[in-house]
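Asker: The sequence shown begins at 1 in the UniProt record's numbering and counts up one residue at a time. Heads up, the beta-carbon is just placed ideally off N, CA and C, and yes, glycines get one too. Bear in mind the structure is a predicted one, so any value in this text is a computation, not a measurement. Just dropping this structure here.
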Amino acid sequence: MAFGLSHEARNLHWLLAGLVEEVPGVRSVAVVSSDGLLLLSSDPDRPAYPGTGRPEGPRGSTGDLATIVAGLGSLTTGAACLMDGGAVKQTMVAMDEGSLFVMTISDGSLLGVHTLPDCDMSAVAYHMALFVGRAGHVLTPALRRELRQSVEAVE
């Protein structure tokens, strides 16, 4: 279990796990703070909750996903600013071997989901919107700090 984490942090871990389990074709998921720091991840090679054991080796695909999501978020925000387009709500990148979905969470954090090429895009978008809707109001500065510290504890 998530020893030492607040109820809100455990709830966000639970919501993230639900997104991964309920949507076929999801490869990895990352929640990144507005300043580009990984807050939550679904990396299957790492423990589901901090404090359950230190994994061996590098973080893997979710660390890369977090970096890409932060960069894409910055790029699309800059593009929207240059185009007077307002706030970016979501971004989707379709590739031959998968897709990348990025959605803005109310505090400026980002939710990124990497999927297999044959995923149901509408199901991915729906479950992402549910996560964003539920997470947006609880992702306070204090909770972001707690999540970041829990990620650093297992690195």
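Considering only DSSP beta bridges, list what Val121 is partnered with.
Answerer: In the sequence as presented, Val is not what sits at residue 121; that position holds Met. Beta-bridge pairing links Met121 to no other residue.
Asker: For Leu139, which residues in the same chain have their Cβ closer than 7 Å to its Cβ, ignoring the five residues on either side in sequence?
Answerer: Same-chain partners within the cutoff: Ile105, Asp107 and Ser109.
Asker: Check whether the segment 62-75 and the segment 127-138 touch, using three or more Cβ-Cβ pairs below 8 Å as the test.
Answerer: The segment 62-75 vs the segment 127-138: no contact.
Asker: When DSSP builds the beta bridges, which residues end up paired with Gly112?
Answerer: Ala30 and Val102
Asker: Short check: CB of Gly18 to CB of His114, under 9 Å?
Answerer: No. Outside cutoff.
Asker: Among the residues of its own chain, which have a CB less than 8 Å from the CB of Asp96, if the five just before and after it don't count?
Answerer: Around Asp96: Pro117.
Asker: Using three-state DSSP, classify Val87 as helix, strand or coil.
Answerer: For clarity, residue 87 is Ala in the given sequence; the question names Val instead. Looking at Ala87 - three-state DSSP - the assignment turns out to be coil, as it is neither helix nor strand.
Asker: Would Arg145 be called buried (16 or more neighbouring beta carbons within 10 Å of its own) or exposed?
Answerer: exposed
Asker: Per DSSP, which one or two residues make a beta bridge with Ser74?
Answerer: None, per the DSSP bridge assignment.
Asker: At which residues does the beta strand (DSSP E) containing Ser42 begin and terminate?
Answerer: Per DSSP, Ser42 belongs to no beta strand (DSSP E) and is neither H nor E.
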